[in-house]
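Start counting the sequence shown at 0; every next residue gets the next number (numbering that gives the first Met the number 0).
Each residue gets a CB set at the ideal place from its N, CA and C atoms; glycine is no exception.
Note that this is a predicted model, so its numbers are computed, not measured.
See structure below.
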Amino acid sequence: MRPSHLYLKVRHVFVPLVGLTLGFCVVYSTLDWLFVVRGNLLPLGDDVAGYWLPFVLAFLLVILTMRRAFRILKSPKRGRAPYYLVAGAFVAVPTIIAQALIRSATGDLSHVESLAQISGVAAAKYYAVDHVCLDRSRAWTQPEARTYKGNLNFYVYAVVPLCRSDRTQSSDSIWIGYQLHKRVDTSLSPAEKDAAYRELWGEWLTTLNDRDPSAYPFFERLGRPPYRKDFAALLSRAGIDLEAPSTVLLIPHTERFSDRTGHQLQWMLASFGIGAALWLGIVLLVPLSPSKDRKWLTGEDEEDSERTRARALAFIRGAYGLEVLVAVNVLVYMAMVFSGLGVASFDSDDLLKWGANYRPALHGAGYVRLLTSEFVHGGLLHLVNNIYGLVVAGIFLLPITGNAGLIACYLLAGLGGSIASAYIHPATVSVGASGAIFGLFAMLLVHLAMGDKKLLPVRARLLPGIAIFVAFNLLIGAASQGIDNSAHVGGLLTGVALGLVFFMPIRQARRP
């Protein structure tokens, strides 16, 4: 490797990304501390502000700022996506760990003799208490079971008030909250799952009845974690509003106060060092792109970039149908996230409030759920999978349907899926764009099978691929629990009908 090439890569690829990582970590951490953690000016959940937001922003920054620099590196066979993945992770991981460190380290420790004295001292995040008396007879508990990524998660949420002798009129809204968790594999037998749940329940009973609450090193005032709504539901059963200014919910900790941050600082520094070393190795090992490094230096590729940008803008201006559908789905999901419902998944009750399909609610104005459910998703992965399918189908259908036609077909196919779901399932909450997307793929299959001239250049590759994709997903839906396959079938049949409707004018135009 020539020294000039080494200097070029280090200066224009390695150093800018290291600077971007350091700058993003410092700037985002400062804003997070000022507006969310300390200032409490933005009502963002800790999972949103501490994980998902820096994760998304890191990859967006890499795409926007490093795209030009990556062009001087030789492109792998599958494109430059690996560069973006490694660089995005390098920027995101230290920043995410830094937010966890900020949340653990921020906050004063206030010492009180009894929890009843909390209302008489300045509000703090952490409390060290000499004496704690809990009214165990008035404990409220809520066991839950959730399936996520092949694992069955058992939870026990509990809230316990202070003893009546230890409460005053000003402190009767002070509660202690517990969360116990156990994860098991879904492949276990029902007896093994039941044993795991009983073990978790026994752990909770031991914690409630045998553990001295005064022995906890410190208590933490509940912030805005993802499980806040579970505690809020429990307290509401006891007639207590968690969002009321007088309500205080404290979480006990078993570690020492000085150890509350754990090894987060070491992990943050280690992640930065490992990321920098890995990125430096990639930069040193990957050769320069022989066709573009000189153009990048001299600026000769500006004309090509302008033409590419002009074509992209022309496409965006002319093809708004797909963009509208994608935008509405993403905006509804983001609205649910920023309203505090979570990120990875949403509860059935929350989905119903946001317009999920549910047969008992289909009366009067409730029939609008047949359409609104097409834009509501059960979580992040559900949204990503459906957006991917929507984009693939929409790109090939746009020349056939046009913008308004694509939106209409999406709504009609989704409506067919929603009707089929409500007919088959008498009391199942159903959400997602899957029925509409299956309908769009069915329209593609019809036009491909009948030889639409607009699709002839891609017919040989597209027809078997889409047919296999649809059949495979129908089989997965039939064999899996939690997937509304009736909506898929209803959307598919509606899409076939729509495909025939759109193909008939084409067929008539071919006749002499």
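Cut-off 7 Å between Cβ atoms - residues of its own chain near residue i, not counting five sequence neighbours on either side
i           : result
residue 453 : 398 and 399
residue 423 : 485
residue 81  : 75
residue 497 : 408, 411, 412, 438 and 442
residue 426 : 358 and 359
residue 414 : 369 and 370
residue 233 : 139, 141, 156 and 158
Contact under 8 Å by Cβ, residue i with residue j
i           : j           : result
residue 502 : residue 428 : no
residue 282 : residue 13  : yes
residue 417 : residue 350 : no
residue 320 : residue 419 : no
residue 65  : residue 86  : yes
residue 493 : residue 421 : no
residue 332 : residue 362 : no
residue 462 : residue 448 : yes
residue 157 : residue 139 : yes
residue 264 : residue 219 : no
Euclidean distance between Cα positions of residue i and residue j
i           : j           : result
residue 221 : residue 172 : 13 Å
residue 108 : residue 243 : 23 Å
residue 187 : residue 193 : 10 Å
residue 438 : residue 407 : 11 Å
residue 491 : residue 326 : 23 Å
residue 239 : residue 17  : 49 Å
residue 401 : residue 395 : 11 Å
residue 271 : residue 35  : 24 Å
residue 61  : residue 145 : 35 Å
residue 183 : residue 487 : 30 Å
residue 131 : residue 342 : 35 Å
residue 100 : residue 441 : 50 Å
residue 199 : residue 49  : 29 Å
residue 298 : residue 67  : Model confidence at residue 298 stands at a pLDDT of 48, short of 50, so the residue's coordinates are unreliable and nothing is read from them.
residue 168 : residue 378 : Only weak support is given to the placement of residue 168: the predicted model assigns it a pLDDT of 44, under 50, and the question is left unresolved by the model.
residue 247 : residue 340 : 21 Å
residue 471 : residue 366 : 31 Å
residue 436 : residue 141 : 37 Å
residue 46  : residue 337 : 11 Å
residue 335 : residue 344 : 10 Å
residue 387 : residue 323 : 15 Å
residue 9   : residue 197 : 57 Å
residue 500 : residue 469 : 21 Å
residue 328 : residue 374 : 5 Å
residue 5   : residue 288 : 13 Å
Cross-strand partners of residue i (DSSP beta bridge)
i           : result
residue 154 : 143 and 180
residue 111 : 128
residue 199 : Residue 199 is not bridged to any residue.
residue 174 : 160 and 248
residue 356 : 429
residue 254 : Answer by DSSP bridge pairing: none, since residue 254 is not bridged.
residue 220 : 249
residue 41  : Answer by DSSP bridge pairing: none, since residue 41 is not bridged.
residue 450 : DSSP output for residue 450 lists no bridge partner at all.
residue 72  : 287
residue 378 : 344
residue 133 : 161
Own chain residues within Cβ distance below 8 Å of residue i, not counting five before or after
i           : result
residue 216 : 127, 252, 253, 254, 255 and 256
residue 54  : 91 and 95
residue 133 : 159, 160, 161, 162, 175 and 212
residue 111 : 117, 120, 126, 127, 128 and 129
residue 266 : 96
residue 135 : 159, 207 and 208
residue 28  : 94, 97, 98 and 101
residue 15  : 64, 65 and 68
residue 236 : 139
Neighbourhood of residue i by C-beta, 6 Å cutoff - its chain only, sequence neighbours within 5 removed
i           : result
residue 259 : 103
residue 245 : 172
residue 152 : 145 and 182
residue 154 : 143 and 180
residue 106 : 124 and 125
Near the ligand GTP: residue i beta-carbon under 7 Å from a heavy atom
i           : result
residue 268 : Although the ligand GTP was asked about, the structure shown includes no ligands whatsoever.
Closer than 8 Å to chain D by CB, residue i
i           : result
residue 231 : Here chain D cannot be found, since the structure has a single protein chain.
Is it the case that the stretch 67-76 contacts the stretch 33-49, given that we only count it when at least three CB pairs across the two stretches are under 8 Å? no
Would the stretch 431-442 and the stretch 381-392 be scored as touching if the rule is three or more Cβ pairs under 8 Å? yes
Answer yes if the stretch 390-410 comes into contact with the stretch 341-359, meaning at least three C-beta pairs across the two stretches below 8 Å, and no otherwise. Touching, no.
Are there three or more Cβ pairs, one per stretch, closer than 8 Å when the stretch 191-205 is compared with the stretch 261-278? no
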